[in-house]
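Residue -2 is where the sequence shown starts when you use our numbering, and the numbers rise one by one after that. Heads up: the structure comes next, in structure tokens.
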Amino acid sequence: MARRRERYNGEKLYSPDYVSAIILKWLINQRKTEGIYLPGSLTPMTMIYAHRDEGGATEPAVHYQGEVSPEYNANVKDEDILLTLKDLADLLAAALGQNRIYVRYVKHEGAL
């Protein structure tokens, strides 16, 4: 998950299309360099959280859900996937002016 507003309460707000273009360029580069390929979908969302002082806030964000493609990455180790996710998170953080990007890696999900 990545916040779309630059820094906390920043004035600059990035569109989902802008974030999508960053991820697409990264995916194309991953394919060109034979890196780990994580195709997926991008969904606009709203981050909701509470403050310690009983207040709270919402802010625009995006959620990118990728998958480890069995066609291209059937034998990739978990550690390598995590490093790839860190690279993508670092790229998004730099491009969107963020201090952190929330990442979750689920090895198995759904019916097997």
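Positions of the beta carbon are idealized from the N, C-alpha and C atoms, including for glycine. Just so it is clear, the structure is predicted and the values come from calculations on it, not from any experiment.
- A direct Cα-Cα distance of roughly 12 Å separates Y102 from L35.
- In the DSSP assignment, Q27 falls within the unbroken alpha helix (DSSP H) covering P13 to K29.
- Shown here for G53: same chain residues with a beta carbon closer than 8 Å to its own, the five before and five after excluded, namely I45, Y46 and A47 in chain order.
- Excluding its 5 nearest sequence neighbours in each direction, T81 has C-beta neighbours in its own chain below 6 Å: I33, listed in chain order.
- The beta carbons of S17 and L39 sit closer together than 8 Å.
- Counting of Cβ neighbours within 10 angstroms places I20 among the buried residues, the total reaching 16 or more.
- Counting the other CB atoms within 10 Å of its CB gives G94 a total below 16, which places it among the exposed residues.
- The Cβ-Cβ distance between L88 and P57 does not fall below 8 Å.
- Considering only E8, D14 and G7, the residue with the shortest C-alpha distance to Y61 is D14.
- Secondary structure note for E68: its alpha helix (DSSP H) is the uninterrupted segment P67 to N70.
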